[in-house]
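Counting in the working numbering, the sequence shown runs from 1337 upward without gaps. Note that beta-carbon positions come from the ideal geometry of N, C-alpha and C, so glycine has one too. What you are looking at is a predicted structure, and each value in this text was computed from that prediction instead of being measured. Reviewing the structure listed below.
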Amino acid sequence: MISDVIKANELHKIDPVFGQYSFDNHEQVVFCNDKDTGLKAIIGIHNTVLGPALGGTRMWNYNNEWEALNDVLRLSRGMTFKAAITGLNLGGGKAVIIGDAKTQKTPALMKKFGEFVHSLSGKYITAEDVGMETADMDLVRDVTPYVTGISESKGGAGNPSPITAYGVFMGMKAAAKYRFGSDILEDRKVIVQGIGHVGEALVEYLSNEGAQIIIDDINEERLQEVSSKYGATIYTGNDLYSEDVDIYAPCALGATINDDTIFKIKAKVIAGAANNQLAEEDKHGKLLQQKGIIYAPDFLINAGGIINVYAELEGYDKKEIMRKTENIYNTTLEILSNAETNGITTNQAAVNIAQSRIDSRKKNNR
Ligand SMILES: NC(=O)c1ccc[n+]([C@@H]2O[C@H](COP(=O)([O-])OP(=O)(O)OC[C@H]3O[C@@H](n4cnc5c(N)ncnc54)[C@H](O)[C@@H]3O)[C@@H](O)[C@H]2O)c1
């Protein structure tokens, strides 16, 4: 036994799961391993008070397992608040697959992952996230019904990214209205960091409105493609955060608002699709507030995707999906004003409202 080798007091110090910095009373954390396909995945189920835990699967080449665990804990918690603030009867969950999606993702690995999802009997429902395509969800669908975001030909609502982008656009407009007194983005200077599935669709909305768009990505090919399609300027500097722009839209990965970047940010509004943009919610949320930067909470404005996949479960049509997503505009304005009235961060205002919905459901369920 391993405890024979590692002394008991050393094991106490490790506290590998419940003692993790990002652990926040998650209900269940499931580690999945399959030798034949090379699958190594973690499913995080944060809270199921409002319904089954729904959240996408991310495949990422993490540096180590700690990073993967931390990511799934943070992401699944975010999903709880996202569903709650959007008024959906869903809990929060998320999954991460450790590995390079470009070289290590195989149909066999996706199906094996689907079997693990199935073993949870619907407590967790998966969907697409970074490193996943609709076709991957179709493979998961072959082995379990507990998956959303499958292709339209298979009865799904298809790729959620364009709807996510629409919600981000609505949230951005609301934040602009709050900060600049107008939600018209024409001639506003917006920097979009990450022009993947969501980022590109956001660039399209911004371009249709006549915004001055600057794009940044680590993928040079994408930059050329999106730039020529929408006339966006490719960022060539080496410190994107200190660019003098009106709006910064983080659409790559999370935690870009951190100790290193926060004092450099010149944007007056932050509104983007990435999950968990604030490295430390409380600390960095307060610093943004002090700097007078309007931060549109990520889990609120990137909820279009979850609305889209929820439609698969509830049988909504496209019109209802768009109506619910458009409402992100009103909810964002409410949260921004609630934060100002109560002297709290915008993130905290959104969390409070989401948490009170969960608490009252819990009380009613007793
Ligand atoms: N797809 C959805 O419907 C959805 C819904 C909610 C939240 N999100 C979040 O939005 C973000 C984007 O999602 P997506 O589906 O567009 O992912 P994606 O993988 O299609 O795109 C991400 C893009 O970011 C780029 N990128 C990665 N690291 C970067 C860096 N350091 N600097 C600049 N660019 C970088 C990648 O090259 C890629 O082009 C993710 O954080 C995701 O969790 C997505």
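Boundaries of the alpha helix (DSSP H) around Gly1640: Gly1640 to Glu1650. The alpha-carbon separation between Val1365 and Thr1416 amounts to approximately 15 Å. Residue state for Arg1394 is assigned as strand, using DSSP reduced to three classes. The beta strand (DSSP E) runs lying completely inside the region 1594–1631 and spanning 3 residues or more number zero. In this structure, DSSP gives Ile1499 a helical state, which the three-state scheme calls helix. Two segments are said to touch when three or more pairs of C-beta atoms, one from each, lie closer than 8 Å; by this definition the region 1668–1682 does not touch the region 1642–1653. Cβ contact annotation for Lys1698 (same chain, cutoff 6 Å, sequence separation greater than five): Val1385, in chain order. DSSP places Val1408 in the helix class (H, G or I) of the three-state scheme. Judged by DSSP in its simplified three-state form, Lys1430 adopts strand. The distance from the Cβ of Ile1486 to that of Thr1462 is about 10 Å, inconsistent with a contact at the 8 Å cut-off.
With a cut-off of 7 Å, the C-beta of Val1539 is classified as distant from ligand 1, since no heavy atom of the ligand falls inside that distance. Annotated three-state conformation of Leu1375 is strand, per DSSP.
When rounded, the separation of the alpha-carbon atoms in Ser1563 and Asn1700 is 52 Å.
Cβ-Cβ separation between Lys1430 and Gly1391: approximately 4 Å, consistent with a contact (criterion under 8 Å). Using a 10 angstroms sphere on the CB of Arg1659, the tally of other CB atoms stays under 16, which defines it as exposed. With a cutoff of 7 Å, Leu1589 counts as near ligand 1, since its C-beta is closer than that to a heavy atom of the ligand.
Between the alpha carbons of Val1483 and Asp1582 lies a gap of roughly 38 Å. With a cut-off of 8 Å on Cβ pairs, the region 1526–1546 is in contact with the region 1598–1609, counting three or more such pairs. Contact between Ile1642 and Ala1419 holds: CB atoms are separated by about 6 Å, below the 8 Å threshold. Between the region 1556–1576 and the region 1499–1517, the count of C-beta pairs closer than 8 Å stays below three; the two stretches do not touch. Each residue's CA atom was taken as its position, placing Lys1600 and Thr1681 some 19 Å apart. Ligand 1 approaches Val1466 closely enough that one of its heavy atoms is under 7 Å from the residue's Cβ.
Inter-residue distance for Lys1565 and Ala1537 is about 11 Å (C-alpha atoms, whole angstroms). Fewer than three beta-carbon pairs drawn from the region 1402–1416 and the region 1435–1443 are found closer than 8 Å, and the two stretches are therefore not classed as touching.
When rounded, the separation of the alpha-carbon atoms in Lys1448 and Val1504 is 33 Å. Remark: the C-beta of Arg1413 is outside contact range of ligand 1, defined as less than 7 Å to any heavy atom. According to DSSP, Gly1380 shares a beta bridge with Val1365 and Lys1430.
Take Val1466, set aside five residues on each side of it, and the residues of its chain with a beta-carbon closer than 6 Å to its own are Arg1394, in chain order.
Looking at the DSSP output, Glu1464 sits in a beta bridge with Thr1393.
Boundaries of the beta strand (DSSP E) around Asp1552: Gln1548 to Asp1552.
At the C-beta level, Gln1613 and Gly1590 come within 8 Å of one another. Using a cutoff of 7 Å, the CB of Asn1400 does not count as near ligand 1, since none of the ligand's heavy atoms is closer than that. If the five residues before and after Lys1602 are omitted, its C-beta is found closer than 8 Å to the C-beta atoms of Tyr1577, Ser1578, Glu1579, Asp1580 and Val1581, all from its own chain and listed in chain order.
Between Glu1522 and Ala1501, the gap from beta carbon to beta carbon reaches 8 Å or more. The beta carbon of Thr1569 sits closer than 6 Å to the beta carbons of Ile1550 from its chain, once the five residues preceding and following it are set aside; these are given in chain order. In the assembly as shown, Phe1354 is an exposed residue. Its beta-carbon has fewer than 16 other beta-carbons within 10 Å.
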